[in-house]
Amino acid sequence: MASKATPAQLRKIYVLARENGMDSDLLHLHVSRIAGKDSLSRISITEAVKVIDSLSGKKKGREERITARQEWKIKDLAKAMGWRNEKGEADEKRLDGFLRERTGVEHYKWLTKKEASGVIEAFKAMLERQKEEEDGGSL
Numbered sequence: 007m008a009s010k011a012t013p014a015q016l017r018k019i020y021v022l023a024r025e026n027g028m029d030s031d032l033l034h035l036h037v038s039r040i041a042g043k044d045s046l047s048r049i050s051i052t053e054a055v056k057v058i059d060s061l062s063g064k065k066k067g068r069e070e071r072i073t074a075r076q077e078w079k080i081k082d083l084a085k086a087m088g089w090r091n092e093k094g095e096a097d098e099k100r101l102d103g104f105l106r107e108r109t110g111v112e113h114y115k116w117l118t119k120k121e122a123s124g125v126i127e128a129f130k131a132m133l134e135r136q137k138e139e140e141d142g143g144s145l
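Count along the sequence shown from 1, add 6, and you get the number used in the numbering used here.
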């Protein structure tokens with residue numbers, strides 16, 4: 007049986023999750039996706055390395071995680087479409103729901119650069135259609 011993840015690895019996972027804005031549920035979902043385990047206490051040292059790498063943004067094959075600029079643009083476009091929470095910020099729950107339905111990705115921070123570019127272009131097209139509908143309806 008493989009050795010369990012070290013306490014230092016588990017601390018690193020929790021710190022990285024917090025830095026990525028992940029709550030406990032989202033972290034456990036991510037661990038399940040990466041390591042196939044439902045609990046952090048059950049992951050091995052090797053699985054912990056994979057989780058740490060994924061949370062650190064290390065390359066997975068040739069795909070890289072979303073950039074800060076792409077993340078900002080996606081949130082900006084979501085706000086422009088009216089997807090705002092009570093604070094006026096981008097409604098991340100709605101955004102994640104949209105992504106889950108369209109791409110199968112559970113959280114926008116898990117998008118690759120390529121996927122993020124596709125989402126940005128889709129949001130631009132959706133905004134353009136909204137503007138056309140508004141212009142056509144006011145004539």
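Cβ coordinates follow ideal geometry from the N, Cα and C atoms, glycine included.
In the DSSP output, which residue or residues are listed as bridge partners for Arg90? Position 84 of the sequence shown, counted from the first residue, corresponds to residue 90. Note: Arg90 sits in a beta bridge opposite Ala96.
Expressed to the nearest angstrom, what Euclidean distance is found between the alpha-carbon atoms of Arg135 and Glu127? To locate residue 135, count along the sequence shown from 1; it is residue 129. To locate residue 127, count along the sequence shown from 1; it is residue 121. For Arg135 and Glu127, the distance between alpha carbons rounds to 12 Å.
Going by beta carbon distance, what residues of the same chain come within less than 7 Å of Asn26, once the five residues before and after it are set aside? On the sequence shown, residue 26 is found 20 positions in, with the first residue counted as 1. These residues qualify, in order along the chain: Leu61, Lys115.
Proximity below 8 Å, CB of Ala84 to CB of Leu101: Here residue 84 refers to the residue found at position 78 of the sequence shown. Here residue 101 refers to the residue found at position 95 of the sequence shown. The answer is yes: Cβ separation under 8 Å.
Reducing DSSP to helix, strand and coil, say where Ala10 ends up. Here residue 10 corresponds to residue number 4 of the sequence shown, with the count starting at 1. The question names Ala, but residue 10 in the sequence shown is Lys. Three-state result, Lys10: strand.
Out of Lys137, Met28, His34, point me to the one whose CA is closest to Met87's CA. Position 81 of the sequence shown, counted from the start, is the residue given in the question as residue 87. Of Lys137, Met28, His34, the residue nearest in Cα terms is Lys137.
Can you give me the start and stop residues for the alpha helix (DSSP H) that Glu112 sits inside? Here residue 112 refers to the residue found at position 106 of the sequence shown. Note, Glu112: premise wrong, no alpha helix (DSSP H); not H, not E.
Could you tell me the distance, in whole angstroms, from the CA atom of Val37 to the CA atom of Ala8? Here residue 37 refers to the residue found at position 31 when the sequence shown is read from its first residue. Here residue 8 refers to the residue found at position 2 when the sequence shown is read from its first residue. Those two C-alpha atoms are separated by around 17 Å.
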